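Enquirer:
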Amino acid sequence: MTLFSEIYGAYFRIAAAVLGRESVTERDICCIVEKEGFRDSVLFVPNKLIPGEDSWGLLEDNGNGTYSPVTKNPPVTVVTELQKRWLRAKLSDPKLALFLTDEELTALEERLRDTEPLYTPDMIRIVDAFSDGDNYADPFYRTVFRELLEALRAGEITHICFDSGKGESKHGFFLPLRLEYSPKNDKFRVYCCRTRYSNLTSDVIVVNLGRITELRRTGEIPGSTVAGESGSQRCTEPAVIRVTNERNSIEEFLMEFSSYEKKTETDESEQVCQVTLWYDKYDETELLIKLLSFGPAVEILSPPKLRSQAAERVRKQYRLLFGE
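Here our numbering is used: the first residue of the sequence shown is 4, the next is one more, and so on.
Here you go:
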């Protein structure tokens, strides 16, 4: 089975977008190519679409500056065998129930019942992750997730009741800013901006969806805007990490932090890599845990606060294992 299907390549997407219109101008064609193609596609693809000696023969000239497809029906995108197998595998992921209804899940399972999954859950081994993830099959959890997602898309103020990490019951009116999934914790969390009299404040909090006990959408749109609408707060000073290549640690480190904005400087003679990481302030604790999981292969050079926090965690762990 071929992993790559050319019908989903850039040129096929361009042709499908052009053939999906009743008529197009040369400018329309160039705009579609710029949007769907590569940086240099606009240099030659339009000439292949516009009728001429070297064209693909997909359009005919109407004589008034416009071109029409030679096909009678719009192009149909088929589902490849690889995509079917991937969908069949995804049905075993409990998180899929957050995005689909029970009826949709049942219909998919029926359509794909004779399709072999691309992989099974037992083929994947997850390490350095907590085992007490959220219960994605819980009907209330699914309702909370979908209501938050709709409120986020609509920019709507929501009343949320939740239990804090200390077990305290809290509530308030918040504007959901973004939903985020943590693979390490196997939990979803929502970044919210607290509102006061339908206006946004500077107070942004993070709530685990599993701690929400009640949620109600108000239908209100805030009367002010918030700086950094995603709720993220970029660190004022990036973390500078020295990574040695012990047990191939450099490659593993770069894979672990592949989603982070970073700059790397490698000294091949010393087999050492210095990585500058930019991160969200709310993720500082998770970042620290990830860094410490590499043991002596990494050294936090700066900022001083992050370095001291790491040192304190190591001291606490030492006292737990060996006493004072």
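All C-beta atoms, glycine included, are put in the ideal place defined by N, C-alpha and C.
Since the model is a prediction, treat every value here as computed from it, not as a measurement.
Please determine, among Leu151, Leu291 and Phe165, the residue with the shortest C-alpha to C-alpha distance to Tyr282.
Expert: Selected option, being the one with the closest Cα: Leu291.
Enquirer: Residues in its own chain within less than 6 Å of Arg193 by CB, not counting five upstream and five downstream?
Expert: One detail in the question is off: residue 193 reads as Val in this sequence, not Arg. These residues qualify, in order along the chain: Leu151, Pro179, Leu182 and Val210.
Enquirer: Any idea what DSSP makes of Cys238, helix, strand or coil?
Expert: Cys238 falls in the coil class under three-state DSSP.
Enquirer: Thinking Glu264 and Gln277 are a contact (beta carbons under 8 Å), I'd like their distance in whole angstroms, please.
Expert: At roughly 15 Å, the Cβ-Cβ gap does not stay under 8 Å, so Glu264 and Gln277 are not in contact.
Enquirer: Here's the rule: buried if 16 or more other CB atoms are within 10 angstroms of the residue's CB, otherwise exposed. What is Val27?
Expert: Result: buried.
Enquirer: Answer yes or no: do Cys33 and Val45 have a C-beta to C-beta separation smaller than 8 Å?
Expert: For Cys33 and Val45, yes; Cβs fall inside 8 Å.
Enquirer: Hey, out of Tyr285, Leu108, Ser201 and Val130, whose CA is closest to Val207's CA?
Expert: The candidate whose alpha carbon is nearest that of Val207 is Tyr285.
Enquirer: Taking 8 Å as the threshold, find out whether the segment 82-102 comes into contact with the segment 110-118 through three or more Cβ pairs.
Expert: Contact holds: three or more Cβ-Cβ distances are below 8 Å.
Enquirer: Please give me, in chain order, every unbroken run of the beta strand (DSSP E) with length at least 3 that falls completely inside the segment 41-84.
Expert: Runs found: 62-64 and 69-72.
Enquirer: Would you call Pro49 buried or exposed, if buried means 16 or more other Cβ atoms sit within 10 Å of its Cβ?
Expert: Pro49 should be labelled buried.
Enquirer: Flag this pair as touching only if the segment 49-67 and the segment 75-94 have three or more C-beta atom pairs under 8 Å; answer yes or no.
Expert: In short, these stretches do not touch, since the Cβ pair count stays below three.
Enquirer: Would you say Leu218 and Phe191 are within 8 Å of each other, going by their C-beta atoms?
Expert: Not a contact, by the Cβ cut-off of 8 Å.
Enquirer: So, with DSSP's three-state summary, where would you put Asp117?
Expert: Of the three classes helix, strand and coil, the one that applies to Asp117 here is coil, per DSSP.
Enquirer: Starting from Gly298, follow its DSSP beta bridges and name the residues at the other end.
Expert: Answer is none; Gly298 lacks a bridge partner.
Enquirer: For the alpha helix (DSSP H) holding Phe177, just list the boundary residues, first then last.
Expert: Run containing Phe177: none in the alpha helix (DSSP H); it sits in the beta strand (DSSP E), Ser172 to Ser185.
Enquirer: If you measure between the beta carbons of Ile53 and Glu39, is that distance less than 8 Å?
Expert: Not in contact: Ile53 and Glu39 (Cβ atoms no closer than 8 Å).
Enquirer: Between Arg88 and the rest of its own chain, which residues show a CB-CB distance below 7 Å, the 5 nearest in sequence each way excluded?
Expert: So the qualifying residues of the chain are Thr118, Glu119, Pro120 and Leu121.
Enquirer: Across which residues does DSSP place Leu218 in a beta bridge pair?
Expert: Ile163, per the DSSP bridge assignment.
Enquirer: Buried or exposed for Ile224, going by 16 or more other Cβ atoms inside 10 Å?
Expert: Ile224 comes out exposed.
Enquirer: Under 8 Å between the Cβ atoms of Phe177 and Cys195?
Expert: Result yes, Cβ atoms of Phe177 and Cys195 sit closer than 8 Å.
Enquirer: Please classify Asp135: is it buried, with 16 or more other beta-carbons within 10 angstroms of its beta-carbon, or exposed?
Expert: With fewer than 16 Cβ atoms within 10 Å of its Cβ, Asp135 is classed as exposed.
Enquirer: Please list, in chain order, all residues of the same chain as Ala300 whose beta carbon is under 6 Å from its beta carbon, the five residues on each side excluded.
Expert: Within the same chain, Ala300 has close Cβ partners Thr247, Glu249 and Ser252.
Enquirer: By the 10 Å Cβ neighbour count, where 16 or more other Cβ atoms means buried, how is Ile244 classified, buried or exposed?
Expert: With 16 or more Cβ atoms within 10 Å of its Cβ, Ile244 is classed as buried.
Enquirer: Kindly list the residues whose CB is nearer than 7 Å to the CB of Ser201, restricted to its own chain and excluding five residues on each side of it in sequence; keep chain order.
Expert: So the list reads Ile160, Glu223, Pro225 and Gly226, once near-sequence residues are dropped.
Enquirer: Could you compute how far the alpha carbon of Met258 sits from the alpha carbon of Lys293?
Expert: Whole-angstrom Cα-Cα distance: 12 Å.
Enquirer: In whole angstroms, give me the CA-to-CA distance for Ala314 and Met126.
Expert: About 36 Å.
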